């Protein structure tokens, strides 16, 4: 092959290489123009989302009246519909702090019994017990022993018991009131009377 032919071949190869590079560059530019910048999937969502109920955080919600059953003595049973609630035992006890914010010292334990005479199961974890002093101030509940709240389901025809403990390190004045609520739509069982001497 002559030098002239060699130069022609080299020039042709160079032109092809340049054309290929330009073609790749133009294609990349077109893709960038069409695709734009890569979306940041970690960017926070700024679209306002309405509250599930359609309300607003600044809206005032009216308090809901809670119906209570006829008050009974501490050692009586309260009939709430087809459910029978009773306080099996109230004791003055001393507890150790079991969690953050809890205080060791004097406390009152309340053993609650719930007999389900209805045809529907009761969620035992929804049982809520409150201890009020003579002044109407609630005692602070504590998870310290011997606390053993009702757990699981109370099936129709079944009875379940649980122990609820309240801190009274500063004392509590008689007569006291014990409220037992086992469901959002049920009346609250109400017991009143004198605590045993400590």
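In this note's numbering, the protein residues as written are 364 to 561. The beta carbon of each residue, even a glycine, is placed where N, CA and C say it ideally should be. In this text the structure is predicted, and so the values were computed from the model without any measurement.
Beta-bridge partners of residue i, as assigned by DSSP
i	result
residue 536	Partner(s): none; residue 536 has no beta bridge.
residue 472	454 and 528
residue 505	528
residue 466	Looking at the DSSP assignment, residue 466 forms no beta bridge with any residue, so it has no partner.
residue 495	501 and 540
residue 556	539
CA-to-CA distance, residue j to residue i, given in whole angstroms
i	j	result
residue 549	residue 443	7 Å
residue 449	residue 431	15 Å
residue 554	residue 513	19 Å
residue 524	residue 462	23 Å
residue 560	residue 454	9 Å
residue 481	residue 547	16 Å
residue 541	residue 440	12 Å
residue 493	residue 539	10 Å
residue 502	residue 495	6 Å
residue 475	residue 433	17 Å
residue 468	residue 500	19 Å
residue 445	residue 543	15 Å
Beta-carbon separation (whole angstroms), residue i vs residue j, contact threshold 8 Å
i	j	result
residue 537	residue 557	5 Å
residue 522	residue 477	7 Å
residue 530	residue 466	6 Å
residue 519	residue 472	With 8 Å as the limit, residue 519 and residue 472 do not qualify as a contact, their Cβ atoms being about 28 Å apart.
residue 526	residue 458	Rounded, the Cβ-Cβ distance is 12 Å, inconsistent with contact.
residue 470	residue 490	So it is not a contact: roughly 19 Å between Cβ atoms.
The beta strand (DSSP E) enclosing residue i, as first and last residue numbers
i	result
residue 442	440-443
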